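One structure is given here, and the rest of the page talks about it.
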Ligand code: PEP
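Numbering (our numbering), first residue to last: 91 to 338.
Here it is in structure tokens:
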């Protein structure tokens with residue numbers, strides 16, 4: 091039985107004050123969350139502060155991106171070792187906003203995944219298709235290509251220590267959620283693709299759904315066989331909305 095994970099991706103949002111309120115609110119509501127694992131991914135600069143705030147609260151901590159390099163002359167970058175040093179357990183890699191706004195390629199994402207795992211971070215590997223790709227019937231090809239970049243570089247066994255987030259790009263921040271059946275179909279495809287290479291890894295790997303999840307649609311999404319939780323954007327920015335998903 092895979093444990094459910096709900097992770098909040100705060101993106102480029104927050105201030106010291108708002109983040110203190112948010113984390114305290116989540117921590118106060120953790121008793122209602124049951125056996126689910128919960129994590130938050132603040133902007134880099136707030137990670138040390140959040141590490142202090144979540145101490146003892148059973149809330150995991152992740153970053154939203156990571157350098158593919160270890161150290162050196164890479165202005166503006168933050169390494170996996172630094173993230174580990176300030177208390178992260180997770181790192182999101184290949185979010186569609188990194189891919190579409192900053193031109194990150196499948197190979198760049200794979201290199202970041204490897205850099206994170208090398209330091210003992212759990213990569214949350216985001217995959218998902220654009221609306222045009224779905225309409226062209228290309229969803230599985232796109233997701234397979236994005237997964238293959240990681241499998242080719244790191245091996246399928248590496249997925250035993252990773253989380254996959256299926257996030258259809260057309261559902262991110264748009265209020266349009268994939269139906270539970272649409273999401274399950276792709277989750278089952280992902281698990282089946284991994285199972286063809288290694289059944290144990292396929293059984294173990296957590297596959298989260300992301301894309302306009304909220305307190306009203308989370309329960310039916312999380313009830314699907316291959317959906318092991320969610321990666322949450324907009325609804326992770328208030329403790330009420332985030333906890334409604336965590337307790338769903
Ligand atoms: C995300 O950015 O990973 C995401 C799923 O965003 P939202 O929940 O706002 O659609």
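We treat Cβ as the ideally placed atom computed from N, Cα and C, and that holds for glycine.
Quick caveat: nothing in here was measured; it's all calculated off a predicted structure.
Nearest by alpha-carbon distance to residue 169: which of 210, 93, 114 is it?
Within the chain shown, residue 169 is the residue found at index 79, counting from 1. Ranking the options by Cα distance to residue 169, first place goes to 210.
Along the chain, where does the alpha helix (DSSP H) that runs through residue 334 open and close?
On the chain shown, residue 334 is found 244 positions in, with the first residue counted as 1. Taken as a continuous stretch (DSSP letters only), the alpha helix (DSSP H) holding residue 334 covers 329-336.
Between which two residues does the alpha helix (DSSP H) containing residue 309 stretch?
Start at 1 with the first residue of the chain shown, and residue 309 comes out as number 219. Unbroken alpha helix (DSSP H) run through residue 309: 308-312.
Can you name the start and end residues of the beta strand (DSSP E) that residue 152 belongs to?
In the chain shown, counting from the first residue as 1, residue 152 sits at position 62. That run of the beta strand (DSSP E) goes 149-153.
Kindly indicate which three-state DSSP category residue 217 falls into: helix, strand or coil?
Here residue 217 corresponds to residue number 127 of the chain shown, with the count starting at 1. Correct three-state label for residue 217: strand.
Just confirm the distance between the C-beta atoms of residue 326 and residue 99, as a whole number of angstroms; I'd bet it's less than 8 Å.
Taking the chain shown and counting its residues from 1, one reaches residue 326 at position 236. Taking the chain shown and counting its residues from 1, one reaches residue 99 at position 9. In this structure, residue 326 and residue 99 form a Cβ contact; the two beta carbons are roughly 6 Å apart against a cut-off of 8 Å.
Inter-stretch contact (C-beta, 8 Å, three-pair minimum) for the stretch 105-125 and the stretch 237-253:
no
Could you check if residue 199 is buried or exposed, using at least 16 other CB atoms within 10 Å of its CB as the buried criterion?
On the chain shown, residue 199 is found 109 positions in, with the first residue counted as 1. So residue 199 ends up on the buried side.
Where do the ends of the beta strand (DSSP E) carrying residue 99 lie?
Reading the chain shown from its first residue, position 9 is the one you call residue 99. Residue 99 -> beta strand (DSSP E) spans 95-99.
Cβ shell of residue 281 (< 7 Å), same chain only, five flanking positions each side left out
Against the chain shown, residue 281 aligns to sequence position 191. Around residue 281: 292, 297, 316.
Heavy atom of ligand 1 less than 6 Å from the Cβ of residue 322, yes or no?
Position 232 of the chain shown, counting from 1, holds the residue named residue 322. Yes, ligand 1 has a heavy atom inside 6 Å of this Cβ.
Quick one: complete alpha helix (DSSP H) runs, 4+ long, within the stretch 117-205?
137-144, 170-175, 186-191
Considering just the uninterrupted stretch of the beta strand (DSSP E) at residue 255, what are its terminal residues?
Position 165 of the chain shown holds residue 255. First-last of the beta strand (DSSP E) with residue 255: 253-256.
Sorry if obvious, but does the Cβ on residue 190 come closer than 6 Å to a heavy atom of ligand 1?
Here residue 190 refers to the residue found at position 100 when the chain shown is read from its first residue. False, no ligand heavy atom lies under 6 Å from that Cβ.
At least three beta-carbon pairs within less than 8 Å, the stretch 230-238 to the stretch 142-158:
no
Residue 300 - partner residues in DSSP beta bridges:
Here the question's residue 300 lines up with position 210 in the chain shown. DSSP output for residue 300 lists 321 as bridge partner(s).
Verify the contact flag: residue 262, CB atom, against every heavy atom of ligand 1, threshold strictly below 6 Å.
Residue mapping note: residue 262 aligns to position 172 of the chain shown, counting from 1. Indeed, a heavy atom of ligand 1 lies less than 6 Å from the Cβ.
Could you compute how far the alpha carbon of residue 415 sits from the alpha carbon of residue 138?
The chain is shown from 91 up to 338; residue 415 falls before or after that span and cannot be answered.
Please report the straight-line C-alpha distance between residue 140 and residue 106, rounded to a whole angstrom.
Here residue 140 refers to the residue found at position 50 of the chain shown. Here residue 106 refers to the residue found at position 16 of the chain shown. Those two C-alpha atoms are separated by around 9 Å.
Close-in-space but distant-in-sequence residues of the same chain around residue 285 (CB under 6 Å, 5 per side omitted):
Against the chain shown, residue 285 aligns to sequence position 195. Here the set comprises 292.
Which residues DSSP lists as bridging residue 212, in chain order
Mapped onto the chain shown, residue 212 falls at position 122. Answer is 180, bridged to residue 212.
Hey, how far is the Cα of residue 323 from the Cα of residue 287?
Here the question's residue 323 lines up with position 233 in the chain shown. Here the question's residue 287 lines up with position 197 in the chain shown. Going by the C-alpha atoms only, they are around 31 Å apart.
Regarding residue 307 and ligand 1, is the C-beta to nearest heavy atom distance less than 6 Å?
Translated into positions along the chain shown, residue 307 becomes position 217. No, the Cβ of residue 307 stays beyond 6 Å of every heavy atom of ligand 1.
Endpoints, the alpha helix (DSSP H) within which residue 273 is located
Stepping through the chain shown from its first residue, residue 273 is reached at position 183. Segment 270-285, the alpha helix (DSSP H) holding residue 273.
Could you check where the alpha helix (DSSP H) with residue 267 kicks off and where it finishes?
In the chain shown, residue 267 corresponds to position 177, counting from 1. No alpha helix (DSSP H) contains residue 267, which DSSP labels as neither H nor E.
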